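Trainee: This is the structure I have questions about; it appears just below.
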Amino acid sequence: MSTAATMAPAPAPAVLLRRPGTQPDAGGPPAVVLRGLRKHFDDVKAVDGLDLEIRTDECFGLLGPNGAGKTTTIEIIVGLQEPTAGEVRVLGRTWGRGDRSLRARVGVSLQETRLPERLTVIEVLRLFRSFYPSGRAPADVMEEVGLGDKARTWTVKLSGGQRQRLALGCALVGDPDLLVLDEPTTGLDPQARLHIGDTIRSYRQRGRTVLVSTHYMEEAQRLCDRVAVVDHGKVIALGSPPELIATLGGEQVVEFALGDAALPDVDLEALPEVRGLRHTGRTLLLATTDARVTLPALLDLTRARGLRLESLATRQATLEDVFVALTGRRLRDE
Amino acid sequence: MSSPLFELWRYRLLEPLRWPETIFWTFLFPALLALALGIAFRQQQPDPAAVAVVAGPGAAELEQALRRDPTVKVTVLDAAAADRALRLGKVAIQVVPGTPLRYRFDPTRPESSLAHLTVDTAVQRGRGRTDPVATVADQVTARGARYIDFLVPGLLGFNLMGGGLWGLGWAITDARTHRLLKRFLATPMRRRDYLLGHMLGRLVFVPLEVVTLLVFSWLIFGVGLSGSPLTLAVVIIVGALSFAGLGTLLASRAQTLETMSGLINLCTMPMMLLSGVFFSTSRFPDFMQPFIRLLPLTALNDALRAIMGDGASLLAVAPQLLVLAGWGLLSFVLALRLFRWT
Ligand SMILES: Nc1ncnc2c1ncn2[C@@H]1O[C@H](COP(=O)(O)OP(=O)(O)OP(=O)(O)O)[C@@H](O)[C@H]1O
Ligand SMILES: [Mg+2]
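Residue numbers (my numbering), protein chains in the order written: chain A, 14 to 347; chain B, 60 to 401.
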């Protein structure tokens with residue numbers, strides 16, 4: 014029997030509002046568990062022994078360069094590919110039996126999907142909504158992804174960014190517990206990326222889990238509670254963006270190039286406040302705890318040796334620097 | 060919320076209808092095809108028999124005699140030219156003057172045998188033969204026995220086959236190459252609903268295609284329907300579903316649109332020739348007949364012809380319906396098993 018008491022407005026669900034990541038062990042089982050995951054295509058080891066645990070209620074980022082194995086990992090997680098070896102648990106279950114009920118709880122946006130070309134935005138959302146036993150009103154989702162004024166536009170006539178937002182809408186329309194997005198913002202301008210970021214954040218306010226792959230570092234830093242840096246099918250770093258940046262030893266970076274000239278590494282490492290030195294191509298990166306101290310010292314050094322700086326910049330350290338520090342390569346070749 | 064099957068069916072209708080090409084293939088193409096063939100094979104006086112008289116003594120007299128017969132077209136050629144003309148089929152028969160008069164022709168060519176009879180009669184009558192029996196030839200053209208009456212049901216069947224194989228095969232393969240199938244697989248959508256939605260989508264296009272062709276050939280050529288429209292509709296629906304199933308089966312694995320068109324051509328080309336679209340299946344030797352009769356297009360064409368031309372009942376075309384249903388079911392079940400989403 015329902016009583017007045019049970020019908021009274023519930024107090025704000027504190028559990029949904031807490032900052033994820035501040036309570037590492039909070040809330041039931043992990044949303045996704047990967048153990049010893051491998052996927053081989055003939056002689057290509059796309060995923061090569063990958064272990065991950067994605068907590069319920071967090072936004073988890075998968076970072077890595079082209080060919081790192083992000084898409085393969087994601088498609089295994091959402092049950093589109095079979096792993097060669099390893100264990101996969103999603104929302105406490107495994108793929109292979111009763112998949113329909115599990116699929117109903119996972120929303121996906123894949124890299125490079127072309128939606129039906131001559132359906133309108135609202136028709137596509139309605140089509141996807143019809144597949145789910147429960148979910149959200151297509152019109153609401155359309156508003157949320159910012160396509161309200163495009164309801165009657167064919168998908169071929171949408172811009173790249175609008176199409177990505179529609180793909181995100183298709184992932185949201187089943188109101189999933191786990192949202193998996195493979196490079197939802199690749200190729201978009203900063204404005205469009207911010208919009209997608211906002212949508213992902215508002216989905217998170219409902220206390221769900223997000224797994225997103227990207228090679229935009231600043232985006233991962235802004236959006237994700239934790240990230241895994243993946244390279245050659247393995248996790249090479251795992252943690253929250255500030256934690257990972259802290260491993261560099263310095264929060265700031267001095268980036269410069271000397272042209273064909275060279276300075277011995279020892280001299281550069283001996284500069285004040287320097288915590289690390291990396292080469293990427295012809296560019297040198299100095300991780301420093303205080304660029305205001307390191308920079309004049311660097312200028313003095315080059316002047317004393319009669320060298321000319323080809324370029325010089327200082328900035329805050331990013332996840333990109335973490336990747337460079339770990340692999341000696343840049344994430345994106347631009 | 061509406062059912063996935065309904066939404067998938069709607070998607071299968073709306074998308075093609077928004078392509079102008081669909082309108083062409085659905086409405087104009089069948090009509091144009093019927094028009095072209097109807098004109099090419101329109102009823103006309105048979106061509107006169109082309110005869111070469113080989114030059115030599117007596118040739119001129121022979122030519123005179125043959126000229127009097129309007130169903131014969133005579134040319135006088137020297138022996139070498141006459142041989143070449145016979146070889147190339149420019150003339151049906153050579154007449155070599157002399158005693159005895161000599162005819163040279165290839166008996167496997169029907170027009171040559173016919174020319175032999177015509178020319179011989181003209182020659183004999185020219186020399187004064189009188190026929191012992193008086194005869195009169197009444198010329199009649201029976202409606203329903205013309206080539207166009209044979210052709211229209213064949214075209215109808217051919218279109219139903221093309222629509223099923225190309226319509227479904229193309230749509231499914233296209234969705235696979237664009238990874239839309241993979242995206243669908245990531246949802247709780249039932250694969251059965253996806254395939255059924257496509258097949259049911261055909262059921263909306265079929266009446267449009269069929270009615271265009273039938274109305275057109277009725278208006279232009281006076282091709283009628285002797286059987287019941289209901290019986291015809293049943294056969295058309297069963298045929299359309301059968302080919303929709305086959306189209307799905309062909310598309311169940313194809314990775315590229317090129318593979319898909321190859322497979323479809325591999326399927327349609329032999330049936331276009333064997334299944335009596337443009338000419339009767341009776342032209343093929345007896346040992347092939349059981350095989351030919353098991354082809355879905357043969358079954359469909361036979362049933363359509365029986366209903367349109369002879370007014371056959373549903374019971375009379377039951378064997379053909381059985382063949383069609385068998386192909387449809389088998390294909391659909393196999394397609395469900397073989398289907399690849401990526
Ligand atoms: N179906 C396949 N057959 C063969 N090799 C494959 C297949 N799929 C992926 N690979 C290979 O596996 C590796 C990982 O590919 P994957 O698509 O997972 O990378 P990614 O991290 O998503 O890259 P990107 O940032 O370019 O999307 C690549 O070397 C790729 O060539
Ligand atoms: Mg990828």
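No residue lacks a Cβ here, since even glycine has one placed at the ideal position from N, Cα and C. Here the structure is a predicted model, which means the values were calculated and not measured.
Check this for me: beta carbons of GLY200 of chain A and GLY148 of chain A, under 9 Å apart or not?
Mentor: Counted from its first residue, the first sequence places residue 200 of chain A at position 187. Counted from its first residue, the first sequence places residue 148 of chain A at position 135. No.
Trainee: Counting only Cβ-Cβ distances shorter than 7 Å, please list the residues of the region 75-96 of chain A near chain B, keeping chain order.
Mentor: The residues in question are VAL91 and LEU93.
Trainee: At least one CB of chain E closer than 9 Å to the CB of PRO146 of chain A: is that the case?
Mentor: Reference to chain E is not applicable here, since the protein chains of this structure are A and B.
Trainee: Where does HIS257 of chain B fall in DSSP's three states?
Mentor: Your numbering for residue 257 of chain B matches position 198 in the second sequence. In this structure, HIS257 of chain B counts as helix in the three-state DSSP scheme.
Trainee: Is the Cβ-Cβ distance between LEU261 of chain A and GLY294 of chain A less than 9 Å?
Mentor: On the first sequence, position 248 is the one that residue 261 of chain A refers to. On the first sequence, position 281 is the one that residue 294 of chain A refers to. No, these two residues do not count as a Cβ contact at 9 Å.
Trainee: Just the residues with CB closer than 7 Å to a heavy atom of ligand 2, in chain order, which are they?
Mentor: Taken from the N-terminal end onward, the list reads A:LYS83, A:THR84, A:GLN124, A:ASP195, A:GLU196 and A:SER226.
Trainee: Can you tell me whether GLY216 of chain B is buried or exposed? The criterion is at least 16 other CB atoms within 10 Å of its CB, across all chains shown.
Mentor: Against the second sequence, residue 216 of chain B aligns to sequence position 157. Answer is buried; the Cβ neighbour count reaches 16.
Trainee: Taking 8 Å as the threshold, find out whether the region 324-333 of chain B comes into contact with the region 247-260 of chain B through three or more Cβ pairs.
Mentor: Verdict: no, contact absent.
Trainee: By Cβ distance below 7 Å, which residues in the same chain neighbour THR35 of chain A in space, the five residues on each side in sequence not counted?
Mentor: Your numbering for residue 35 of chain A matches position 22 in the first sequence. A caution first: THR35 of chain A carries a pLDDT of 41, below 50, which makes its placement in the model unreliable, though a value can still be read off. Correct list: empty, nothing qualifies.
Trainee: For chain A, check one thing: does any of its Cβ atoms lie closer than 9 Å to the Cβ of TYR70 of chain B?
Mentor: Here residue 70 of chain B refers to the residue found at position 11 when the second sequence is read from its first residue. Yes, its Cβ sits closer than 9 Å to a Cβ of chain A.
Trainee: When every heavy atom of ligand 1 is checked, does at least one fall within less than 8 Å of the C-beta of PHE336 of chain A?
Mentor: Sequence index remark: in the first sequence, residue 336 of chain A carries index 323 (1-based). Answer for PHE336 of chain A: no, Cβ out of range of ligand 1.
Trainee: Can you round the beta-carbon distance between GLY263 of chain A and ALA233 of chain A to whole angstroms, since I take them to be within the 8 Å contact cut?
Mentor: Here residue 263 of chain A refers to the residue found at position 250 when the first sequence is read from its first residue. Here residue 233 of chain A refers to the residue found at position 220 when the first sequence is read from its first residue. Going by Cβ atoms, the distance from GLY263 of chain A to ALA233 of chain A rounds to 20 Å, so no, they are not a contact pair.
Trainee: Over what stretch of residues does the alpha helix (DSSP H) that includes SER114 of chain A continue unbroken?
Mentor: Along the first sequence, read from residue 1 onward, the residue named residue 114 of chain A stands at position 101. Unbroken alpha helix (DSSP H) run through SER114 of chain A: 112-116.
Trainee: By DSSP's criteria, ASP265 of chain A is part of a beta bridge. Which residues make up the other side?
Mentor: Reading the first sequence from its first residue, position 252 is the one you call residue 265 of chain A. One detail in the question is off: residue 265 of chain A reads as Gln in this sequence, not Asp. Looking at the DSSP assignment, GLN265 of chain A forms a beta bridge with A:THR301 and A:GLN329.
Trainee: Hey, how far is the Cα of LEU353 of chain B from the Cα of PRO344 of chain B?
Mentor: By one-based count along the second sequence, residue 353 of chain B stands at place 294. By one-based count along the second sequence, residue 344 of chain B stands at place 285. So the alpha carbons of these two residues sit roughly 15 Å apart.
Trainee: Regarding PHE439 of chain B and ligand 1, is the C-beta to nearest heavy atom distance less than 8 Å?
Mentor: Past the edges of chain B, shown from 60 to 401, lies residue 439 of chain B, and the structure says nothing about it.
Trainee: Cβ of ARG77 of chain B less than 9 Å from any chain A Cβ?
Mentor: For the purposes of this step, residue 77 of chain B is taken as the residue at position 18 of the second sequence. With 9 Å as the cut-off, ARG77 of chain B counts as an interface residue toward chain A.
Trainee: Just confirm the distance between the C-beta atoms of PRO355 of chain B and VAL392 of chain B, as a whole number of angstroms; I'd bet it's less than 8 Å.
Mentor: Here the question's residue 355 of chain B lines up with position 296 in the second sequence. Here the question's residue 392 of chain B lines up with position 333 in the second sequence. Between VAL392 of chain B and PRO355 of chain B the Cβ distance is about 15 Å, and since that is not below 8 Å, they are no contact.
Trainee: Kindly identify the DSSP beta-bridge partner or partners of GLY115 of chain B.
Mentor: Working through the second sequence from its first residue, we reach residue 115 of chain B at position 56. Partner(s): none; GLY115 of chain B has no beta bridge.
Trainee: Taking only beta-carbon atoms, is GLY34 of chain A less than 9 Å away from chain B?
Mentor: Against the first sequence, residue 34 of chain A aligns to sequence position 21. Only weak support exists for where GLY34 of chain A lies, its pLDDT of 41 falling under 50; the value from the coordinates is given anyway. By this cut-off, GLY34 of chain A is not an interface position.
Trainee: Buried or exposed for GLU80 of chain B, going by 16 or more other Cβ atoms inside 10 Å?
Mentor: Sequence index remark: in the second sequence, residue 80 of chain B carries index 21 (1-based). Answer is exposed; the Cβ neighbour count stays below 16.
Trainee: Determine whether the beta carbon atoms of LEU276 of chain A and ARG318 of chain A lie at a separation below 9 Å.
Mentor: Reading the first sequence from its first residue, position 263 is the one you call residue 276 of chain A. Reading the first sequence from its first residue, position 305 is the one you call residue 318 of chain A. Yes.
Trainee: Starting from the beta carbon of GLU136 of chain A, find every residue of chain B whose beta carbon is closer than 9 Å, and list them in chain order.
Mentor: Taking the first residue of the first sequence as position 1, residue 136 of chain A is located at position 123. Chain B residues near GLU136 of chain A: GLU66, ARG69, TYR70 and LEU73.
Trainee: Is LEU128 of chain A close to chain B, meaning its C-beta is less than 9 Å from at least one C-beta of that chain?
Mentor: Along the first sequence, read from residue 1 onward, the residue named residue 128 of chain A stands at position 115. Yes - at least one Cβ of chain B is within 9 Å of the one on LEU128 of chain A.
Trainee: State the DSSP-derived secondary structure class of GLU80 of chain B, mapped to helix, strand or coil.
Mentor: Taking the first residue of the second sequence as position 1, residue 80 of chain B is located at position 21. Note: GLU80 of chain B maps to helix in three-state DSSP.
Trainee: Do the region 102-113 of chain A and the region 234-242 of chain B meet, that is, are 3 or more Cβ pairs less than 8 Å apart?
Mentor: The region 102-113 of chain A vs the region 234-242 of chain B: no contact.
Trainee: For a test of the three-state rule: what should DSSP assign to MET14 of chain A, helix, strand or coil?
Mentor: The residue labelled residue 14 of chain A in the question sits at position 1 within the first sequence. Below a pLDDT of 50, predicted positions are generally treated as unreliable, and MET14 of chain A, at 40, falls in that range; the measurement from the model is reported next regardless. Here MET14 of chain A sits in coil by DSSP.
Trainee: Please report the straight-line C-alpha distance between THR69 of chain A and LEU104 of chain A, rounded to a whole angstrom.
Mentor: To locate residue 69 of chain A, count along the first sequence from 1; it is residue 56. To locate residue 104 of chain A, count along the first sequence from 1; it is residue 91. C-alpha separation (whole angstroms): 8 Å.
Trainee: Does any CB atom of chain B fall closer than 9 Å to the CB of GLY161 of chain A?
Mentor: Counting from 1 along the first sequence, the entry for residue 161 of chain A is found at position 148. Cβ-Cβ to chain B under 9 Å: no for GLY161 of chain A.
Trainee: Compute the distance between the beta-carbons of LEU65 of chain A and VAL46 of chain A, then report whether it is under 9 Å.
Mentor: As a first step, residue 65 of chain A must be located in the first sequence, where it is residue number 52. As a first step, residue 46 of chain A must be located in the first sequence, where it is residue number 33. Yes, they are a contact pair.
Trainee: Quick check on ALA109 of chain B: does DSSP put it in helix, strand or coil?
Mentor: Indexing the second sequence from 1 puts residue 109 of chain B at position 50. DSSP places ALA109 of chain B in strand when its eight states are reduced to three.
Trainee: For THR271 of chain B, which residues in the same chain have their Cβ closer than 7 Å to its Cβ, ignoring the five residues on either side in sequence?
Mentor: Within the second sequence, the letter at position 212 stands for residue 271 of chain B. Contacts found: PHE86, PRO89 and ALA90.
Trainee: Only counting the same chain, and skipping five residues up and downstream in sequence, which positions put a Cβ closer than 7 Å to that of GLY385 of chain B?
Mentor: As a first step, residue 385 of chain B must be located in the second sequence, where it is residue number 326. Answer for GLY385 of chain B: no residue qualifies.
Trainee: Roughly how many angstroms separate the alpha carbons of PRO156 of chain B and GLU122 of chain B, rounded to a whole number?
Mentor: Here residue 156 of chain B is taken as the residue at index 97 of the second sequence, counted from 1. Here residue 122 of chain B is taken as the residue at index 63 of the second sequence, counted from 1. So the alpha carbons of these two residues sit roughly 10 Å apart.
Trainee: What is the DSSP secondary structure of PHE336 of chain A, reduced to helix, strand or coil?
Mentor: Here residue 336 of chain A corresponds to residue number 323 of the first sequence, with the count starting at 1. PHE336 of chain A: helix per DSSP, three-state reduction.
Trainee: Output the distance between the C-alpha atoms of LEU311 of chain A and THR331 of chain A, rounded to the nearest integer angstrom.
Mentor: For the purposes of this step, residue 311 of chain A is identified with residue 298 of the first sequence, where counting begins at 1. For the purposes of this step, residue 331 of chain A is identified with residue 318 of the first sequence, where counting begins at 1. So the two alpha carbons sit approximately 21 Å from each other.
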